[in-house]
Amino acid sequence: MTQGGEDVKLLGAWASPFVIRIRIALNLKGVDYEFLEEVFGVKSELLLESNPVYKKIPVLIHDGKPVCESMIIVQYIDEVWATKGPAILSADPYDRALHRFWAYYVDDKWFPSVSAISRAQTEEAKAEAVEQVFAGLKLLEEAFQKCGKGKGFFGGDTIGYVDIALGCFLAWLKATEKMTGIKFFDEAKTPLLAQWVERFCADVAVRGVMPETDKMVEFAKMLQTKFKAAASAK
Amino acid sequence: MEVKLFGAWPSPFVCRVEWALKIKGIKYEYIEEDLYNKSSSLLKYSPINKQVPVLLHDGRPIIESMVIIEYIDDTWKQNPILPTDPYRRAMARFWAQYVEDKFYESVKRAFFTEGEEQKVAVELAVEALKPLDQELKGKKFFGGEEIGFVDLVAGWIAHWLGVVEEVLCIKVVDPENFPSLCAWMKNFVEVPVIKENLPARDQMPGFYRMLRQSGLASCDGKQQS
């Protein structure tokens, strides 16, 4: 049992951006939780029981009841602990819709375009994938202005829904920058986002849960080796 | 308080927004879009997706059908579409997203492919129905006694899926394998606000055959270039 008498468990893994989303949200609300780290490559009984549909992390287990899917969990946290910490989603319906749209854009359009870079088979395909990512970043720079209204985060004065949706990928993105030489958040191209990246990573709710870039690079290389081995074994 | 909806008569995504507006009793102006010749207004209000539905409320656009439904529910408090309890809200969002990500995506893939690729997509779609059928056991609707968020998002299954099955000559929802889902489909289209707001069934196969043909043709075009 945690300090507040509530039982909050998070099934996750340190490297997963989707898990990082939940940790940031819980930190923003000052909610204590037990972090149950899944062993890489092995799904625990608890995970299979709590998320029988997708069998994936993160899963938040609150007083024995599981909640799945990262942005759904973030909204759940915002609603349950509405009186604690800053609001992750504004109370204004239009702002909520705007933020929900951009979070959907990150998940459905932008992050898949980033993944496409590593999947590209030719230099031409890779260049095209990179172009897509930068086109998306231009849109996100505009979104930052619209959502943040001149303040430091998409959520305004404090980290909000879109900050969490996009910011969770920063460790992966910084690792990719180091490994490929591509600079995603360029002051010259997207100055607001470039500044936002530093501000977000330095925030007290994010600092402790955002993995170090070198650790991510090591992890990414390990994954690449595993995939290559699996591919050549076929 | 001016409400406008940019839509297209065959679209299930537009329909689900209309159902939400009618459940709340909101008056709105409906603007029909030609999907093969989109208006400059639509492209202005939805520059990224360029798709219907777009809700315009006091001049401000809201896009993405599920985002629009939540906006409607947040703005107008009568006849709630989502539950008030956070856990039940999370469950409703979970199942709505599941219908979109797992079932709809497989059906869409089956619709725009042929041969082996289509066969695999149909198998995935049928597999994806199992948890949905399970979720409905002992319930009249996903929302319980009354329709709710998941029913609106899954509603296309009750009226549009039959058209897809007809156009592709396949069977996805077998009453023997999915008894709860079949019962739900029958109950859903009988709900007055739904029954009175469905596109004409006899006009749909023609539209969807044309849509499939143009989708297949554009895939061939991509391969050839």
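Residue numbers (our numbering), protein chains in the order written: chain A, -17 to 216; chain B, 450 to 674.
Cβ atoms here follow ideal geometry from the backbone N, Cα and C, with glycine treated the same way.
Determine the chain A residues that contact residue i at a beta-carbon separation under 8 angstroms, and present them in chain order.
i, result
"tyrosine 477(B)", "Result: empty, since nearest Cβ-Cβ is about 16 angstroms, beyond 8 angstroms."
Taking C-beta pairs closer than 7 angstroms, name the residues in chain B that residue i reaches, listed in chain order.
i, result
"phenylalanine 83(A)", "Ile512, Glu513 and Val516"
"leucine 121(A)", "Ile497"
For residue i, which beta-bridge partners are listed by DSSP?
i, result
"glycine 456(B)", "Glu481(B)"
"proline 510(B)", "Leu505(B)"
"glutamate 19(A)", "Gly(-6)(A)"
"glycine 593(B)", "Phe590(B)"
"valine 49(A)", "Leu42(A)"
"asparagine 486(B)", "Asp483(B)"
"phenylalanine 135(A)", "Gly138(A)"
Taking 7 angstroms as the limit between beta carbons, can you name the residues of its chain near residue i, skipping five residues before and five after?
i, result
"lysine 25(A)", "Lys37"
"alanine 213(A)", "none"
"glutamate 123(A)", "Thr172, Leu174 and Leu175"
"valine 642(B)", "Trp468, Lys471 and Ile472"
"lysine 165(A)", "Glu159"
Can you tell me which of the options puts its alpha carbon nearest to the alpha carbon of residue i?
i, options, result
"valine 186(A)", "Ala176(A), Ile141(A) and Ala147(A)", "Ile141(A)"
"histidine 608(B)", "Glu451(B), Val452(B) and Arg465(B)", "Arg465(B)"
"glycine 118(A)", "Glu106(A), Trp92(A) and Glu124(A)", "Trp92(A)"
"valine 1(A)", "Lys208(A), Glu31(A), Val56(A) and Glu(-12)(A)", "Val56(A)"
"alanine 158(A)", "Glu106(A), Arg189(A) and Val96(A)", "Per the sequence presented here, residue 158(A) reads as threonine, with alanine not at that position. Comparing Cα-Cα distances from threonine 158(A) to each of Glu106(A), Arg189(A) and Val96(A), the minimum goes to Val96(A)."
"glutamate 478(B)", "Lys526(B), Glu594(B) and Val452(B)", "Val452(B)"
"proline 94(A)", "Gln114(A), Asp(-11)(A) and Asp77(A)", "Gln114(A)"
"aspartate 168(A)", "Lys120(A), Met192(A) and Met161(A)", "Lys120(A)"
"glutamate 566(B)", "Phe462(B), Glu513(B) and Leu665(B)", "Leu665(B)"
Output needed for residue i: all residues of its chain with C-beta closer than 8 angstroms, excluding positions within five of it in sequence on either side, in chain order.
i, result
"valine 616(B)", "Phe560, Pro654, Tyr657, Arg658 and Arg661"
"glutamine 673(B)", "Because the pLDDT of glutamine 673(B) is 38, which lies under 50, any placement of that residue in the model is unreliable, and the number read from its coordinates should be weighed accordingly. Result list for glutamine 673(B): empty, nothing under 8 angstroms."
"isoleucine 521(B)", "Val466, Ala469, Leu470, Lys473, Ile475, Leu504 and Ile530"
"glutamate 549(B)", "Met515 and Val602"
"glycine 670(B)", "Low confidence applies here, because glycine 670(B) scores a pLDDT of 48, under 50, leaving its location unreliable; read the following figure in that light. Cβ within range, chain order: n/a, list empty."
"glutamine 527(B)", "Lys473 and Gly474"
"glutamate 584(B)", "Trp544 and Phe591"
Kindly list, in the order they appear in chain A, the residues whose Cβ is closer than 9 angstroms to that of residue i.
i, result
"tyrosine 547(B)", "Val35, Tyr36 and Glu51"
"phenylalanine 543(B)", "Val35, Val49, Cys50, Glu51 and Ile54"
"tyrosine 520(B)", "Pro75, Tyr76, Arg78, Ala79 and Arg82"
"proline 580(B)", "Pro34 and Val35"
Taking Cβ-Cβ distances shorter than 7 angstroms, what residues in chain A pair up with residue i?
i, result
"aspartate 523(B)", "Pro75 and Arg78"
"arginine 509(B)", "Tyr76"
"arginine 538(B)", "Glu61"
"proline 535(B)", "Tyr58, Glu61 and Val62"
CB-CB under 6 angstroms to residue i, same chain, minus the five flanking residues each way: which ones, in chain order?
i, result
"leucine 28(A)", "none"
"proline 648(B)", "Trp458 and Pro459"
"alanine 111(A)", "Ala98, Ile99 and Ala102"
"tyrosine 143(A)", "Ile70, Leu71, His81 and Ala85"
"glutamate -12(A)", "none"
"tyrosine 58(A)", "Val49"
What does residue i reach in chain B if we use C-beta pairs closer than 9 angstroms?
i, result
"tyrosine 86(A)", "Glu513, Met515 and Val516"
- Item | Cβ contact (3+ pairs, closer than 8 angstroms) linking the segment 186 to 204 of chain A and the segment 568 to 581 of chain B | Cβ pair count under 8 angstroms is below three, so no.
- Message: With a threshold of 8 angstroms, are at least 3 pairs of Cβ atoms found where one atom belongs to the segment 455 to 467 of chain B and the other to the segment 638 to 657 of chain B?
- Response: Yes: at least three Cβ pairs fall under 8 angstroms.
- Item | Cβ pair count under 8 angstroms reaching 3, the segment 125 to 140 of chain A against the segment 177 to 191 of chain A | Contact between the segment 125 to 140 of chain A and the segment 177 to 191 of chain A is present: three or more C-beta pairs spanning the two stretches fall below 8 angstroms.
- Query: Is the number of C-beta pairs between the segment 543 to 557 of chain B and the segment 594 to 603 of chain B that are closer than 8 angstroms three or more?
  - Reply: Yes, the segment 543 to 557 of chain B is in contact with the segment 594 to 603 of chain B.
- Is the segment 46 to 62 of chain A touching the segment 15 to 24 of chain A, taking contact as three or more C-beta pairs under 8 angstroms? Contact annotation: the segment 46 to 62 of chain A does not touch the segment 15 to 24 of chain A, with fewer than three C-beta pairs closer than 8 angstroms.
- Message: Below 8 angstroms, how does it come out for the segment 610 to 626 of chain B and the segment 555 to 569 of chain B: are there three or more Cβ pairs, yes or no?
- Response: These segments touch.
- Message: Quick check: the segment 625 to 638 of chain B against the segment 482 to 502 of chain B, are at least 3 beta-carbon pairs closer than 8 angstroms?
- Response: Taking one beta carbon from each stretch, the segment 482 to 502 of chain B and the segment 625 to 638 of chain B have fewer than 3 pairs nearer than 8 angstroms; the two do not touch.
- Message: Measuring CB atoms only, is the segment 147 to 165 of chain A touching the segment -6 to 11 of chain A, in the sense that at least three cross pairs come out at less than 8 angstroms?
- Response: Contact between the segment 147 to 165 of chain A and the segment -6 to 11 of chain A is present: three or more C-beta pairs spanning the two stretches fall below 8 angstroms.
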